[in-house]
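Using the UniProt record's numbering, read the sequence shown as starting at 1 and increasing by one per residue.
Worksheet: one structure, shown below.
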Amino acid sequence: MTLFDETVGDMMNESILGRAQERDLIRIEAHQIRAYTLNKQKQVDDYPYGGGHGAVMQADPLYQCWKHITDAYGPGHTIYLSPAGKTFTQCEAKRLLRDYEHLILVCGHYEGIDERFIEACVDEELSIGDFVLTGGELPAMVVADAVARMVPGVLPDPECFEDESHWSGMLEYPQYSRPETWHGRTVPPVLRSGNHALVARWRRKQSILRTFRRRPDLYEKLDFSSKEDQKLLQELMEEEADFQPRR
């Protein structure tokens, strides 16, 4: 649900998500809220009660759009993209994919949307971070992309997302491609060894190190109880001056 349906539609119909829609694996539709207003001016906003700057999106155009969607496609889990919402994470993306067949993403604008629509129709509010944007389209596309890419068949193999940052609580290991040497920098020898077990071990080790250095908050939550991880931690302590095992 958006005031910029063409922009959102163009973005969501490109590349991987576009091909997935062509194969009927997913379906993403952008509904223009103005099309559901009951006034000739197609007005969707008005001054806020109580005074203040800006305007507030009115409840009824939002409701009429939402009602059309639910009547046409059945009840869906309705999410309002809001800086006051719960922070969206990879775990949240997995939850939405697991629990719901149909998501309705509501994009606000101006100073926000009438609280009565939220109370009547919204199931939850999500935020993509502690900052404010001019509209909800970018957050909605972030949520749609993060969820849709995990739908079976959208990516060629589950490993395409299961090895990535945040899937298991860690950041992803460094990636390299051709040429072997670029500007004097060479691909790590282990990645050219052909030994898949050593490559997997190196990647696990690099993920631990990268998470430790860049996201200590995530690092503190990780489970390193296995014997193999204990060996990796010991090696990192010996090799990296700044590395410290979790307290």
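Don't be surprised by glycine CBs; every beta carbon is placed ideally from N, CA and C.
Keep in mind the model is a prediction, meaning the values are calculated, not measured.
Is it buried or exposed for G153, if we count other Cβ within 10 angstroms and need 16 for buried? Here residue 153 is taken as the residue at index 153 of the sequence shown, counted from 1. Flag for G153 reads exposed.
Is it true that the CB of L81 sits closer than 8 Å to the CB of D60? On the sequence shown, residue 60 is found 60 positions in, with the first residue counted as 1. On the sequence shown, residue 81 is found 81 positions in, with the first residue counted as 1. Cβ distance not < 8 Å, so D60 and L81 don't count as in contact.
My output table needs one value for S82: the three-state DSSP class, helix, strand or coil. Within the sequence shown, numbered from 1, the residue matching residue 82 stands at position 82. Residue state, collapsed to three classes: strand.
Beta-carbon gap between T78 and V106 smaller than 8 Å: The sequence position of residue 78 within the sequence shown is 78, counting from 1. The sequence position of residue 106 within the sequence shown is 106, counting from 1. Against a cut-off of 8 Å, the Cβ pair of V106 and T78 comes out as a contact.
Could you give the first and the last residue of the continuous alpha helix (DSSP H) run that contains E137? The residue labelled residue 137 in the question sits at position 137 within the sequence shown. Run containing E137: 137–148, per the alpha helix (DSSP H) assignment.
Taking the DSSP output, what are the residues bridged to T89? For the purposes of this step, residue 89 is taken as residue 89 along the sequence shown, with counting starting at 1. Paired residue(s): none; T89 is not in a bridge.
Is it the case that the region 91–110 contacts the region 123–135, given that we only count it when at least three CB pairs across the two stretches are under 8 Å? yes
At least 3 beta-carbon pairs within less than 8 Å: the region 87–105 vs the region 142–149: yes
8 Å Cβ cutoff met for L126 and K86: Against the sequence shown, residue 126 aligns to sequence position 126. Against the sequence shown, residue 86 aligns to sequence position 86. Contact: yes.
Tell me, please, whether the region 167–179 touches the region 41–48 by the rule of three or more beta-carbon pairs shorter than 8 Å. no
Let me know the alpha helix (DSSP H) ranges lying completely inside the region 41–124, each 4 residues or longer, listed in chain order. 59–73, 90–99, 115–121
Assuming V147 and L97 make a contact with CB atoms under 8 Å, what is their CB distance in whole Å? Within the sequence shown, numbered from 1, the residue matching residue 147 stands at position 147. Within the sequence shown, numbered from 1, the residue matching residue 97 stands at position 97. At roughly 5 Å, the Cβ-Cβ gap stays under 8 Å, so V147 and L97 are in contact.
Verify whether the separation of the beta carbon atoms of I28 and M1 is less than 8 Å. By 1-based counting over the sequence shown, the position of residue 28 is 28. By 1-based counting over the sequence shown, the position of residue 1 is 1. No, they are not a contact pair.
Please name the residue or residues paired with T181 in a DSSP beta bridge. Translated into positions along the sequence shown, residue 181 becomes position 181. DSSP lists T186 as partners of T181.
A30: buried (16+ other C-beta within 10 angstroms of its C-beta) or exposed? By one-based count along the sequence shown, residue 30 stands at place 30. Result: buried.
Option in D130, L138, I104, L62 with minimal Cα separation from E124: Within the sequence shown, residue 124 is the residue found at index 124, counting from 1. Checked all of D130, L138, I104, L62; the closest Cα to E124 is I104.
Could you check where the alpha helix (DSSP H) with H196 kicks off and where it finishes? On the sequence shown, residue 196 is found 196 positions in, with the first residue counted as 1. Residues 196–214.
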